[in-house]
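With mature numbering (1 follows the signal peptide of the UniProt record, and there is no 0) applied, the sequence shown corresponds to residues -23 to -1, 1 to 423, in that order. Cβ coordinates follow ideal geometry from the N, Cα and C atoms, glycine included. Here's the structure we're looking at; comments come further down.
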Amino acid sequence: MRTRLVVSLLGLVLVAGGAPAQAAPVGVPGDQPLPGYTVSNPPLKPEVVNGQPTRVLQGVHQHSAYTVEVPANWNGRLAMWAHGYRGTGTVLTVDPPGYGLRTRMLGQGYAWAASSYYSNGYDVRAGVLATHDLAKHFGKLVAKPKQVLIAGVSMGGHVIGRSLEQFPGFYDGALPMCGVLGDHELFDFFLDHQLTAQALSGIRAYPIPEDYLTTVVPRIQEKLGLAGLVPGGPDVVTDRGAQFRAAVVERSGGPRPGATPAFAYWKDFLFGLASPPADEATLAFDPARLATNLGTRYRPSEPVDLNRAVQRVAPRDWRSRLSPALTEIPAIAGRPGVPVLSLHGLGDMFVPFSMEQDYRTDVARHGQSRWLVQRAIRTVEHCEFSPAEAGAAWNDLVKWADRGTKPAGDAVGDRSTVASPAFGCRFTEAAAYTGPGTRRLFSPCP
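Below you can see the structure in the form of structure tokens.
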């Protein structure tokens, strides 16, 4: 369970500021990447739609590489694609819409456009501004579209959630998939994984030391019985290891189908996300400085009272945590104002299912629940959707944006519903269960 009490109180006494929007260095033209970056955007082969090739346009605009594709029978509408986290490298790259959506969009007459953003790292501000700039530039490259939808994955979901609020009325609908719709709460979850494991193992190691992964984590895993734990294997955890697993499940979305194998699948990866403080780095390259557990209440509270035992950590960067501005890692208030249909893997613990619950709560707080539909997919890997699942969501979003027909979704905020053995079956493709991936970590749907 989360709370904003501490943040709200400190918001009354701190001046909430944030970094301004990206300003290009003097002398760097917009058709070139920013210093330190290079572009890799090889020619994209046009698709053939109804016997006619599409028109592909590529270049660099406002320091961001882009690709635009327009079908011969363009319907006057545009789909923007927001990519996910690119890591900390210095090469800017562009993705076409995934999961078969490129072909689907073009076949329906939509043009699509995708930006590399002008920087890498966890830089949502770059994604928000670059995607908006490209959508406006499309009007010069092709023509002003009569409708703009936006879809994307992972960090691209964070880009989408903030874009709808940063530029209200610009986008007409959104499809975030496996998205970071809970904004700062993602980094709180990563922090929680470390602090609860340390509290339950009796091995405190925060701030994270240099030898954390090589020395400390193996000791923690041995204490909790995690070292030999694998999805579908014997349950070798200790009593405290079982409490740790239950606490992680609670923080990632609550009891739900597939949670036990999902924990085993993700536990090592989540330990690997911890790193020593890097205060000299920018926020985009040190997101952990936003993280806090000051207001977090942990469950379950036995055999160890976690709420007493856990180390409490304040953000190292209160200013960015509290800022309403478009920072590199901005808040999402929960005011979409247009149709939003989201997809999320039920067992995803990289961007946990709780992101959907956080966003649902924020949207409801602002009286905008009518604009939100959420769907759970029975997968464990991050962004693991079939073309049929993503395609059905896209088609339903198009109908909603065009005709006002709100599609069906899942009750992601109802604890008993989420815990039901059949939860997630409604929108999970049955045929995909027999294919590759993590779906077999779930029992077959009835």
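Per DSSP, cross-strand counterpart(s) of residue i
| i | result |
| --- | --- |
| I306 | None; I306 has no bridge partner. |
| I354 | G322 |
| E46 | V33 and W89 |
| T191 | The partner list for T191 (beta bridge, DSSP) is empty, contrary to what the question assumes. |
| A151 | I127 and V317 |
| L69 | V16 |
| V25 | P30 |
| H38 | S41 |
Distance CB(residue i)-CB(residue j) smaller than 8 angstroms
| i | j | result |
| --- | --- | --- |
| V357 | G322 | yes |
| R293 | L271 | no |
| F400 | R352 | no |
| Q345 | G311 | yes |
| L83 | E24 | yes |
| P238 | P208 | yes |
| W377 | G133 | no |
| A112 | L55 | yes |
| V16 | A49 | no |
| L11 | Y95 | yes |
| D110 | Q35 | no |
| V194 | R139 | no |
| L374 | P316 | yes |
| A91 | W51 | no |
Residue range of the beta strand (DSSP E) that includes residue i
| i | result |
| --- | --- |
| R54 | R54 to A59 |
| L126 | Q124 to V130 |
| W89 | A88 to S92 |
| S229 | From DSSP, S229 is part of no beta strand (DSSP E); its letter is neither H nor E. |
| L163 | Taken as a continuous stretch (DSSP letters only), L163 belongs to no beta strand (DSSP E), being part of the alpha helix (DSSP H) at E162 to S178. |
Exposure label - residue i; buried when at least 16 CB within 10 Å
| i | result |
| --- | --- |
| V130 | buried |
| T93 | For the sequence presented, residue 93 should be read as Ser rather than Thr. Per the 10 Å Cβ criterion, buried. |
| P253 | exposed |
| A(-1) | For A(-1), the predicted model reports a pLDDT of 48, less than 50, meaning its position is unreliable; a value from the coordinates is still stated below. A(-1) is exposed by the Cβ-count criterion. |
| G66 | exposed |
| V26 | buried |
| S319 | buried |
| A(-3) | A caution first: A(-3) carries a pLDDT of 44, below 50, which makes its placement in the model unreliable, though a value can still be read off. The residue in question, A(-3), is exposed, as its Cβ has fewer than 16 Cβ neighbours within 10 Å. |
| P19 | exposed |
| P6 | exposed |
| G4 | exposed |
| T411 | exposed |
| E187 | exposed |
| Q29 | exposed |
| S420 | exposed |
| E305 | buried |
| G230 | buried |
Limits of the alpha helix (DSSP H) - the one that residue i falls within
| i | result |
| --- | --- |
| W295 | W295 to L299 |
| Y242 | A236 to G249 |
| P364 | P364 to R380 |
| R181 | No alpha helix (DSSP H) contains R181, which DSSP labels as neither H nor E. |
| H114 | V101 to L118 |
| L283 | L283 to A286 |
| L78 | L78 to G84 |
| Y335 | Per the sequence shown, residue 335 should be read as Asp rather than Tyr. Note, D335: alpha helix (DSSP H), S331 to R342. |
| A261 | Looking at the DSSP string, A261 is not in any alpha helix (DSSP H), and its letter there is neither H nor E. |
| A396 | R392 to A396 |
Cβ-heavy atom distance, residue i to the ligand GTP, below 7 angstroms
| i | result |
| --- | --- |
| S96 | The ligand content of the structure shown is nil, which means the ligand GTP is not present either. |
Within the chosen definition, does the region 277 to 295 reach the region 67 to 83 through at least 3 CB pairs nearer than 8 angstroms?
-> no
Determine, using beta-carbon pairs with one atom in the region 93 to 101 and one in the region 247 to 264, whether at least three such pairs fall under 8 angstroms.
-> yes
Is it true that the region 147 to 156 meets the region 169 to 186, where meeting means three or more beta-carbon pairs spaced less than 8 angstroms apart?
-> no
On the three-pair Cβ rule with 8 angstroms, is the region 320 to 340 touching the region 359 to 378?
-> yes
At least three beta-carbon pairs within less than 8 angstroms, the region 241 to 250 to the region 160 to 170 | yes
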